[in-house]
Amino acid sequence: CDDGGVASATCNFNCTTATCGDGIVNPLFTAPGAAGPEQCDPPSEAKGCSTDCRFEHCGNHVKDPGEECDGTDFGPDGNPDALICAADCHIERCGNGRLDPGEQCDDGNSVSGDGCTGGSLTTGGCVFEFCGDHVINNTNTTTHVHEDCDDGGLSATCNLGCTTARCGDSIVNPLFTAPGADGPEQCDPPSEANGCSATCRFEHCGNHVKDPGEECDGTDFGPNGNPLGTLICSASCHIQRCGNGILDPGEQCDDGNNVSGDGCSGSLSPLGACVLEVCGDSVPNNNNPVSHTHEDCDSGGVNRQACNFNCTTPACGDGIVNPAFTPLDAPGPEQCDPPSETNGCSASCQFEHCGNGIKDPGEECDLEDFGPAGNPGNFTCAADCHIQRCGNRRIDPGEECDDGNTLSFDGCSSSCIIEFCGDGIPNNNNAANHTHEACDDGGVSTTCNANCTAAHCGDGIVNPLFVPLGALGGEQCDPPSPGHGCSITCQFEHCGNGIKDPGEECDLDDFGLGGNPDGTLVCSAECHIERCGNGRIDPGEACDDGNADACGTCSDDCKSIISAAAATGLLLTPPGSAYHEGDFFILDDGLTMFMVTFTKLNISGPGIIQFDGTETTTQMADQIANTIRGSGLRIDPVVIGSTGIVTLANRQPTTKGNQHTANMVTAVGFFLSDLAGGKAGDCANATGCLTDTDCLSYRCDRTTQTCAACTVSTDCSTNLCVGSRCQVCTQDGECGGPGHHCTNGVCQ
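Mapped onto my numbering, the consecutive letters of the sequence shown carry residue numbers 959 to 1706.
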């Protein structure tokens, strides 16, 4: 064929007839029975090319060689059992060695009892077999844990782990009873040393079985039994008897033997004696000195010449006073023990004491016995056996003191007479043993105080004969405390001593370091410089309010008194017929402004005066006065009879009340003056003052004597602080809560 050198559905590009198997892949040629054009050539199952020259692969819906199925193609036999073809072209079934959907396991067979249950090739099976499923797994012991048995849990023959129950398997099975056992297992493995018997039962004292290590248990005394019935088995499974080393009932002791004389008496009887042997039982215990307190002797608990009460052999020096024992060379029985010269017990255990006429160790003498040297100085032996003499540190008869030496000037003279401050002798030889004297003039002098210390300003002692350096005379005070009454030269500080002391501006002609260069300063009798503004009324002054300003209650030259006065004013009202709707006037008390309005309308409120034109002059005056009273202004209105005149007066007597008024009343005959005439109360803060009426804040700080703002009401004498200024009150409501009242301008 020849289709122009290109492949066609029947002709290859090399002009040969297209066939499957010609070794030429012609994508336009479709082999008979093929699902599509050629994909490979030549066909080879081993290389994945089918007999119709198509690629062989799982998922092409053709059961190719090596596949059990592909899609719905199960081969010539079809799918009569409704098999399922897996995505990797194998049939899903139990026993194919693949874990298919719905399977817990698949060990490549359909046999049960090997750890994975078997089933039909199409359904069921392939579920894990486990201990407790009532199936004994033992078909293939190489692929799973072998089960001896499986009773679905614990039983009399099978353990929880599916092993055959036996004593010695280290598993305690309370349903299993070992051969020869008197009951079910209690322990496993058996171990006599650890309390588990050969039949896996607990071994313990009290089980009425004589177990290894027990002498008996209850009535079980072993093969030999208890033929005489005299043996007693203790609660700890040993036979009670003297000599077993155990303190049994009725025994005082048990040292593990039946020998007496070793602290515990013995007996060969089953119950035995085993009674404590003690010192005082008249039996010397000396058989075994290693195991008890050895007795030298036993005199029945009393002292004897040859035996102490504590069963030891008596000897001077044994620490026991035995009045029945006479030591060697002693004049009589023991009086003390052990011997000690320092404690008054001689070497032969006799009392040593002063007054026995023998100079014992530690004594200087005893009565007439002064020792080998005798009494060359005609000394006297004291009742406590020491030689009476000055310097022995004992105050003997005729002595006032005794400091252990015969030196003078150390507080005790060489003749043992007390040396004291004031005896005219400075005591300074031994400052460590007495109060050292710096001097001793026999009393107060210009250099020495009465207590024998050197006088100086600052020693805390007032010595009127001592004149400190720079002082005008003898000490007047001590210690010095400048500013508190005692100067640095120990003189009294006081106005008039001619010295400017702390707290003084001057004293007579002493004006301090700055002096009085032009001679114009005058020092008052109270030691302050006379000048206007010092708060003191000096000669030539009519007043002094603490400042030299033209404010407050005194003029700037202190010549004129300015009496505090309240600002006043005058209001004249015509009858109601003269007023017009909307007439008003404004008052100011220095703290608050208040407007009074006249209206014929039926309205009410603070500052509103209603009128209808029929009111008399007196009625209008009363209405105006009542309105001002209810305004809260610190202005007191007073109606003068039926004249229509209302006088106005500020309650606080200061210049603060001097305020302008605003008169917008058109009524003919209405008159309103400014408030004027207030005096004082005009000094700014920090200005000197004497009284509250000097200050604009109406508060004179008594500590600094200057005008100051208030922060709380208690700062004010009126007990009312408003906006940093003290104010007189006008009504109770300004003074706080219930119980507080305004009385004469003061909150109480």
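Yeah, the Cβ is synthetic: ideal placement off N, Cα and C, and Gly gets one too. Nothing here was measured: the structure is a model prediction, and the numbers come from that model.
Please look up how many angstroms separate the CB atoms of S1192 and D1206, rounded, as I've assumed it's under 8 Å. 6 Å
Output the boundary residues of the beta strand (DSSP E) element that contains D1594. I1593 to I1598
Exposed or buried, what is A1638 when buried is set at 16 or more other beta-carbons lying within 10 Å of its beta-carbon? buried
Use the C-beta contact count for L1633: other C-beta atoms within 10 angstroms, 16 or more gives buried, fewer gives exposed. buried
Counting along the chain, where does the beta strand (DSSP E) carrying T1526 start and finish? T1526 to L1530
Any contact between the segment 1532-1539 and the segment 1669-1679? By contact I mean 3 or more CB pairs, one from each, below 8 Å. no
To which residues does DSSP link F1542 through a beta bridge? T1555 and M1622
DSSP three-state assignment for Q1617, whether helix, strand or coil: strand
Answer with buried or exposed for K1005, where buried requires no fewer than 16 other C-beta atoms within 10 angstroms of its C-beta. exposed
C-alpha gap between I1129 and H1019, whole angstroms: In a straight line, the C-alpha of I1129 is about 58 Å away from that of H1019.
Contacts around E1321, its chain only, beta-carbon distance under 7 Å, and the 5 residues preceding and following it disregarded: Closer than 7 Å at Cβ, skipping near neighbours: C1312 and C1343.
For a test of the three-state rule: what should DSSP assign to Q1689, helix, strand or coil? coil
Can you round the beta-carbon distance between I1519 and T1526 to whole angstroms, since I take them to be within the 8 Å contact cut? About 20 Å; that fails the 8 Å criterion.
Close beta carbons around T1585, own chain, < 7 Å, minus the five adjacent residues each side: V1554, G1565 and I1567
Please classify K1637: does DSSP put it in a helix, a strand, or coil? strand
With H, G and I counted as helix, E and B as strand and the rest as coil, what does DSSP make of R1587? helix
Closer than 7 Å to a non-hydrogen atom of the ligand FMN - does that hold for the CB of I982? This structure lacks the ligand FMN, and indeed carries no ligand of any kind.
Rounded C-alpha distance that separates H1015 from K1021: 9 Å
CB-CB length for T1364 against C1415, believed under 8 Å: Incorrect: roughly 40 Å between the Cβ atoms, too far for contact.
Between D1256 and T1300, what straight-line distance do the alpha-carbon atoms span, to the nearest angstrom? 33 Å
Can the beta-carbon of P1611 be found less than 8 Å from the beta-carbon of T1662? Contact flag unset, no.
Drop a sphere of 10 angstroms on the beta-carbon of I1353, count the other beta-carbons inside from all chains shown, and report buried for 16 or more, exposed for fewer. exposed
Cβ-Cβ separation, C1274 to Q1293 (assumed contact under 8 Å), whole Å: So it is not a contact: roughly 10 Å between Cβ atoms.
When you compare only the Cα positions, how much space is there between Q1577 and F1542? 17 Å
Buried or exposed: which applies to I1593, given that a residue is buried once 16 or more other Cβ atoms fall within 10 Å of its Cβ? Result: buried.
Would S1445 pass as a contact of D1459 if the rule is Cβ separation under 8 Å? For S1445 and D1459, yes; Cβs fall inside 8 Å.
In the DSSP output, which residue or residues are listed as bridge partners for S1002? C1007
Residues of its chain near I1197, where Cβ-Cβ distance is below 8 Å and the 5 sequence neighbours each way are ignored: E1173, C1174, F1179, L1189, I1190, C1191 and P1228
Cβ distance (whole Å) where G1615 is taken to contact G1548 below 8 Å: Indeed they touch by this definition, with Cβ atoms about 5 Å apart.
Environment of P1148 [buried if 16+ CB atoms lie within 10 Å]: So P1148 ends up on the buried side.
With C1687 and G1703 assumed to form a contact (beta carbons below 8 Å), what rounded beta-carbon distance in angstroms separates them? Confirmed, Cβ separation roughly 6 Å.
When DSSP labels each residue in this structure, what does T1701 get in the three-state scheme? T1701: strand per DSSP, three-state reduction.
Measure the alpha-carbon distance for S1124 versus F1134 and round it to whole angstroms. The amino acid at residue 1124 is misidentified as Ser; the sequence shows Arg. Distance between the alpha carbons of R1124 and F1134 is about 8 Å.
Using the Cα positions of D1276 and C1265, report the straight-line distance between them to the nearest angstrom. 12 Å
Tell me, please, which residues DSSP counts as bridged to N1608. I1593
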